[in-house]
Amino acid sequence: MRSEHLLKLLQEKELHTDRPFDGCSEAEIKLLEQEMGIRLPESYRQYLLAVGHYSGRLFQGTDMQFSQLKKLQDEANELLRENNNPVVLPAGTFVFSIHQGYEIRFFDLAEGDNPPVMEWYEGSMKGIIKLYDSFEEFLADSIYQHTVIKWLD
Numbered sequence: 008m009r010s011e012h013l014l015k016l017l018q019e020k021e022l023h024t025d026r027p028f029d030g031c032s033e034a035e036i037k038l039l040e041q042e043m044g045i046r047l048p049e050s051y052r053q054y055l056l057a058v059g060h061y062s063g064r065l066f067q068g069t070d071m072q073f074s075q076l077k078k079l080q081d082e083a084n085e086l087l088r089e090n091n092n093p094v095v096l097p098a099g100t101f102v103f104s105i106h107q108g109y110e111i112r113f114f115d116l117a118e119g120d121n122p123p124v125m126e127w128y129e130g131s132m133k134g135i136i137k138l139y140d141s142f143e144e145f146l147a148d149s150i151y152q153h154t155v156i157k158w159l160d
């Protein structure tokens with residue numbers, strides 16, 4: 008999903024707040040990639056370009072803003088250690104989200120431009136699971152879920 012389309016969809020679904028959506032610049036994303044020695048998937052890059060700094064009501068309460076991305080990598084491993092969890096994130100993992108300190112979402116950087124979204128959930132006996140077949144599917148479902156929640160309020 009192109010960043011322009013994502014922004015339009017978020018506006019249509021009324022997931023904005025009084026603060027405007029705020030995307031990253033291409034230069035910011037390139038600098039992050041250089042600093043981390045990685046190449047982010049195109050689908051995720053488009054998300055960052057659209058709303059990487061601020062995504063309105065979408066993902067409120069979840070640590071996944073651009074300014075948090077570098078530290079999320081270490082925080083995820085620390086969370087697993089704190090829980091005495093035998094799970095180790097595979098090499099090439101990029102953690103893009105930690106929700107309330109008990110849910111880690113990530114993808115494998117080697118899985119192409121629209122990688123599957125994986126999840127580890129504290130207390131789950133399943134370990135790491137594939138949550139969505141692609142980042143775009145994750146994003147679309149997240150928008151849908153937040154839209155449903157908005158109308159239930």
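Residue 8 is where the sequence shown starts when you use the working numbering, and the numbers rise one by one after that.
Idealized CB from N, CA, C, for every residue including glycine.
These figures come from a predicted structure and were not determined experimentally.
Simplified DSSP state of residue i, which is helix, strand or coil
| i | result |
| --- | --- |
| V124 | strand |
| V102 | strand |
| R112 | strand |
| T24 | coil |
| K181 | Only positions 8 to 160 of the chain appear in this structure, which leaves residue 181 out of reach. |
CB of residue i within 8 Å of CB of residue j, strictly
| i | j | result |
| --- | --- | --- |
| D81 | H60 | no |
| M116 | I45 | Rather than Met, the amino acid found at residue 116 in this sequence is Leu. Closer than 8 Å, so yes. |
| T69 | H106 | yes |
| L76 | L39 | yes |
| Y109 | Y139 | no |
| I150 | K20 | yes |
| I111 | E89 | no |
| L86 | V94 | no |
C-alpha distance - residue i paired with residue j, whole-angstrom precision
| i | j | result |
| --- | --- | --- |
| E11 | A57 | 7 Å |
| P123 | D25 | 32 Å |
| L22 | F66 | 10 Å |
| L13 | Q41 | 25 Å |
| G63 | L79 | 20 Å |
| P27 | M132 | 40 Å |
| S104 | F113 | 7 Å |
| N119 | G99 | Per the sequence shown, the amino acid found at residue 119 is Gly instead of Asn. So the two alpha carbons sit approximately 12 Å from each other. |
| A147 | N91 | 33 Å |
| M71 | K15 | 21 Å |
| R52 | G130 | 31 Å |
| Q18 | E33 | 22 Å |
| M8 | F145 | 12 Å |
| N84 | Q152 | 28 Å |
Residue range of the unbroken alpha helix (DSSP H) whose run includes residue i
| i | result |
| --- | --- |
| R88 | L76 to E89 |
| I36 | E33 to M43 |
| A161 | In the structure as shown, the chain begins at 8 and stops at 160. Residue 161 is therefore absent and cannot be evaluated. |
| S10 | S10 to E19 |
Close-in-space but distant-in-sequence residues of the same chain around residue i (CB under 8 Å, 5 per side omitted)
| i | result |
| --- | --- |
| N121 | P48, E49, S50, S141, F142 and E143 |
Other residues of its chain near residue i: CB distance less than 7 Å, five sequence neighbours each side excluded
| i | result |
| --- | --- |
| C31 | L55, L56, G59, H60 and F73 |
Residue i CB to nearest heavy atom of the ligand NAP below 7 Å
| i | result |
| --- | --- |
| D120 | The model on display carries no ligand, and the ligand NAP is accordingly not part of it. |
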